[in-house]
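Since the structure comes first, as structure tokens, the remarks are kept for the end.
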Amino acid sequence: MRFLILGCGLVGRVLAAQLRAEGHQVRGTTTTPDKVAGLRELCDEVRVLRGGDGPAVAEALAGCDAAAICAGPSPAQAQTPEQRRAHYHEILVGTAHSIAAAQSAAPIAALSSMIVYGDADPSAARLDEQSPLREPSDASPACFREMERIYLQQLGARSCVFRLADVFGADDPPLREKVRMAHQYMGGAVPFAASALYYRVAAGDVARAMRFAFQQQLRGLYNLSHEAVPLRNSELFDAHCAAAGLPPLRYRGDLRMAEAPVSSQKLHRAGFRLQHTTAAQLPESPEAPEPA
266 MRFLILGCGL
276 VGRVLAAQLR
286 AEGHQVRGTT
296 TTPDKVAGLR
306 ELCDEVRVLR
316 GGDGPAVAEA
326 LAGCDAAAIC
336 AGPSPAQAQT
346 PEQRRAHYHE
356 ILVGTAHSIA
366 AAQSAAPIAA
376 LSSMIVYGDA
386 DPSAARLDEQ
396 SPLREPSDAS
406 PACFREMERI
416 YLQQLGARSC
426 VFRLADVFGA
436 DDPPLREKVR
446 MAHQYMGGAV
456 PFAASALYYR
466 VAAGDVARAM
476 RFAFQQQLRG
486 LYNLSHEAVP
496 LRNSELFDAH
506 CAAAGLPPLR
516 YRGDLRMAEA
526 PVSSQKLHRA
536 GFRLQHTTAA
546 QLPESPEAPE
556 PA
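According to our numbering, the sequence shown holds residues 266 to 557 in order.
Take a look at the structure:
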């Protein structure tokens with residue numbers, strides 16, 4: 266089969282390697298010309314394009330049997346509400362419109378985010394794909410929800426969308442490095458809330474879930490994370506700060522995440538099991554070795 270991977274970042278690169286190992290052909294995309302040479306080691310073909318460029322996306326999708334939409338916003342370009350409003354809309358909503366407008370019958374699997382649960386009832390026993398959500402207070406969950414709507418309503422029976430926890434693995438910095446970077450580059454103030462639960466999922470499992478969606482012809486919306494209830498942001502990150510001799514982070518709360526446990530049972534009932542997300546069951550303590 267020929268696959269299009271739109272956005273060969275953290276997850277896209279892992280997915281490309283998995284698909285090539287199975288004998289499939291992979292057409293990958295990036296927005297950064299400097300990354301083309303490295304991606305040619307993982308993909309049969311690499312194109313430089315932006316997801317909002319409808320004609321370029323349609324051309325890249327032509328001749329492909331399936332498409333994995335892995336394009337995601339860059340945290341560095343989304344530190345303020347104004348930045349998020351422009352950047353998230355371009356990367357998420359613009360890409361979704363391009364895919365929906367393309368003349369293709371290929372099934373797609375797209376990555377959304379559990380950040381949409383930040384506006385859900387924090388007193389809920391469990392949050393799942395059917396949980397009611399309040400009107401988003403920030404552009405980030407609003408754009409993810411609009412992206413989901415486009416894929417699920419306009420593409421209908423050929424779309425699968427995964428709501429992800431925070432993705433780790435590959436070249437993603439470990440938690441201890443992230444707290445140092447928060448102090449070095451952000452003055453110790455981070456945009457998320459102290460009380461949110463810090464769910465994590467390995468990039469290898471996200472890529473496996475996308476392959477599972479294509480193999481099993483999954484359709485609809487699925488949460489993708491572990492079932493164990495994790496620590497809250499302040500509990501985990503402040504412990505890392507203390508271990509590094511740094512003051513606690515300041516949590517601005519601009520970006521709300523789930524404060525109630527999130528269920529991934531729908532995906533588990535479909536037959537998918539995590540293989541690489543062992544570190545996320547109990548997110549690493551400051552003394553624990555970094556996950557591979």
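Even for Gly, the Cβ is constructed at its ideal location relative to N, Cα and C.
Rounded straight-line distance, which links the Cα of residue j to that of residue i
i           : j           : result
residue 514 : residue 521 : 16 angstroms
residue 546 : residue 465 : Low confidence applies here, because residue 546 scores a pLDDT of 45, under 50, leaving its location unreliable; read the following figure in that light. C-alpha separation (whole angstroms): 8 angstroms.
residue 287 : residue 280 : 11 angstroms
residue 381 : residue 529 : 15 angstroms
residue 517 : residue 457 : 6 angstroms
residue 498 : residue 490 : 16 angstroms
residue 387 : residue 501 : 19 angstroms
residue 365 : residue 297 : 24 angstroms
residue 539 : residue 352 : 31 angstroms
residue 413 : residue 407 : 10 angstroms
residue 291 : residue 437 : 23 angstroms
residue 300 : residue 360 : 20 angstroms
residue 444 : residue 338 : 20 angstroms
residue 330 : residue 447 : 41 angstroms
residue 395 : residue 478 : 19 angstroms
residue 506 : residue 435 : 23 angstroms
residue 304 : residue 314 : 14 angstroms
residue 510 : residue 441 : 11 angstroms
residue 362 : residue 390 : 35 angstroms
residue 349 : residue 405 : 6 angstroms
residue 285 : residue 504 : 40 angstroms
residue 333 : residue 282 : 13 angstroms
residue 508 : residue 268 : 44 angstroms
residue 372 : residue 455 : 37 angstroms
Among the options, the one whose alpha carbon lies nearest that of residue i
i           : options               : result
residue 403 : 346, 309, 504 and 524 : 346
residue 496 : 390, 459 and 410      : 459
residue 378 : 369, 427 and 442      : 427
residue 324 : 509, 367, 533 and 410 : 367
residue 275 : 534, 469 and 326      : 469
residue 294 : 370, 316 and 285      : 316
residue 541 : 432, 455, 452 and 385 : 432
Beta carbon proximity, residue i to chain B, threshold 9 angstroms
i           : result
residue 498 : Reference to chain B is not applicable here, since this structure consists of a single protein chain.
Inter-residue CB distance, residue i and residue j (contact presumed, cutoff 8 angstroms)
i           : j           : result
residue 524 : residue 483 : So it is not a contact: roughly 28 angstroms between Cβ atoms.
residue 429 : residue 494 : About 17 angstroms separates the two Cβ atoms, so there is no contact after all.
residue 486 : residue 417 : 6 angstroms
residue 271 : residue 336 : 5 angstroms
Beta bridge counterpart(s) of residue i as assigned by DSSP
i           : result
residue 310 : 292
residue 516 : 455
residue 377 : 428
residue 487 : 427
residue 392 : 527
residue 268 : 291 and 331
Secondary structure of residue i, DSSP reduced to three states
i           : result
residue 433 : strand
residue 426 : strand
residue 466 : strand
residue 541 : coil
residue 497 : strand
residue 276 : helix
residue 534 : helix
residue 397 : coil
residue 442 : helix
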